[in-house]
Amino acid sequence: AGTDNCSDDATCTSTGPGSYTCTCNPGYEGDGVTCKETDECKAGTDNCSKHATCTNTDGSYTCACKDGYTGDGFTCTDINECKDNTDKCAPDAYCKNTKGSYHCVCNDGFYGDGFTCEPCTRDCGAGGTCQRIGDADVCVCEPG
Numbered sequence: 001a002g003t004d005n006c007s008d009d010a011t012c013t014s015t016g017p018g019s020y021t022c023t024c025n026p027g028y029e030g031d032g033v034t035c036k037e038t039d040e041c042k043a044g045t046d047n048c049s050k051h052a053t054c055t056n057t058d059g060s061y062t063c064a065c066k067d068g069y070t071g072d073g074f075t076c077t078d079i080n081e082c083k084d085n086t087d088k089c090a091p092d093a094y095c096k097n098t099k100g101s102y103h104c105v106c107n108d109g110f111y112g113d114g115f116t117c118e119p120c121t122r123d124c125g126a127g128g129t130c131q132r133i134g135d136a137d138v139c140v141c142e143p144g
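UniProt numbering puts the first residue of the sequence shown at 1, with every later residue one more than the last.
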């Protein structure tokens, strides 16, 4: 039995008596005698979704969907937090789904960031809406 000088990360193939070739294994590159690990993520040769994170591993890579998306990393779909009732919007706010996330908007008559909403305290009567502008509650008339 003969010995070969192929890399540990290569496959030796006999091509005849006393003759062979070395071929780097998948996930490695080189001439077969010297093989180095391929960073598919850095090279852009991975098949991860554009909504996933690619992580290089020894001889391969993994894909994981980013926050706000679900799937196997190769296919990632938006999670509709509003429909799934997993949003953190205030009770006096409504949820608007966005790609990979969501926004909370305070209902009319309330002000805040949507996660916390405070009532507007000014009574505006018919045709007016109370809105918070700066530190003051003001009445804004409906157009028309």
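Just so it is clear, CB atoms sit at the ideal spot from N, CA and C, and this is done for glycine as well.
DSSP three-state call for A1: helix, strand or coil?
On the sequence shown, residue 1 is found 1 positions in, with the first residue counted as 1. Below a pLDDT of 50, predicted positions are generally treated as unreliable, and A1, at 43, falls in that range; no measurement from the model is reported.
Tell me whether D84 sits in a helix, a strand or coil according to DSSP, three-state version.
Within the sequence shown, the letter at position 84 stands for residue 84. Helix, per DSSP.
Identify, in the order they occur along the chain, each residue of the same chain with its Cβ nearer than 7 Å to the Cβ of A1, setting aside the five sequence neighbours on each side.
In the sequence shown, counting from the first residue as 1, residue 1 sits at position 1. Summary for A1: the model assigns pLDDT 43, below 50, so the residue's position carries little reliability; its value from the coordinates is reported in the next sentence. Result list for A1: empty, nothing under 7 Å.
Residues near A124 in its chain [Cβ-Cβ closer than 7 Å; skip 5 each side]:
Indexing the sequence shown from 1 puts residue 124 at position 124. Looking at the sequence provided, one finds Cys at residue 124 rather than Ala. Around C124: C130 and C139.
Helix, strand or coil, according to DSSP, for K50 in the structure here?
Here the question's residue 50 lines up with position 50 in the sequence shown. Coil, per DSSP.
Three-state secondary structure assigned by DSSP to Y42
By 1-based counting over the sequence shown, the position of residue 42 is 42. In the sequence as presented, Tyr is not what sits at residue 42; that position holds Lys. Three-state result, K42: helix.
Taking the beta strand (DSSP E) that P143 falls in, what are its first and last residues?
Along the sequence shown, one-based indexing puts residue 143 at 143. Careful: P143 lies outside any beta strand (DSSP E) and carries neither H nor E.
What three-state label does DSSP hand F110 in the structure shown?
Residue 110 sits at position 110 when you count from the first residue of the sequence shown. Correct three-state label for F110: strand.
Throw me the rounded Cβ distance for the S101 and F74 pair, which I believe falls under 8 Å.
The residue you call residue 101 lines up with position 101 of the sequence shown. The residue you call residue 74 lines up with position 74 of the sequence shown. 21 Å between Cβ atoms; not a contact.
Look up C65 in the DSSP assignment and give the residues it is bridged to.
Along the sequence shown, read from residue 1 onward, the residue named residue 65 stands at position 65. In DSSP, C65 forms a bridge with A52.
Identify, in the order they occur along the chain, each residue of the same chain with its Cβ nearer than 7 Å to the Cβ of G27, setting aside the five sequence neighbours on each side.
As a first step, residue 27 must be located in the sequence shown, where it is residue number 27. Excluding residues within five positions, the ones whose Cβ falls inside 7 Å are E37, T38, G59 and S60.
On the three-state DSSP scale, how would you describe C89?
Numbered from its first residue, the sequence shown carries residue 89 at position 89. Note: C89 maps to coil in three-state DSSP.
Can you tell me where the beta strand (DSSP E) with G16 in it begins and where it stops?
The residue labelled residue 16 in the question sits at position 16 within the sequence shown. Its beta strand (DSSP E) spans residues A10 to G16.
Kindly indicate which three-state DSSP category T129 falls into: helix, strand or coil?
On the sequence shown, residue 129 is found 129 positions in, with the first residue counted as 1. It is a strand residue.
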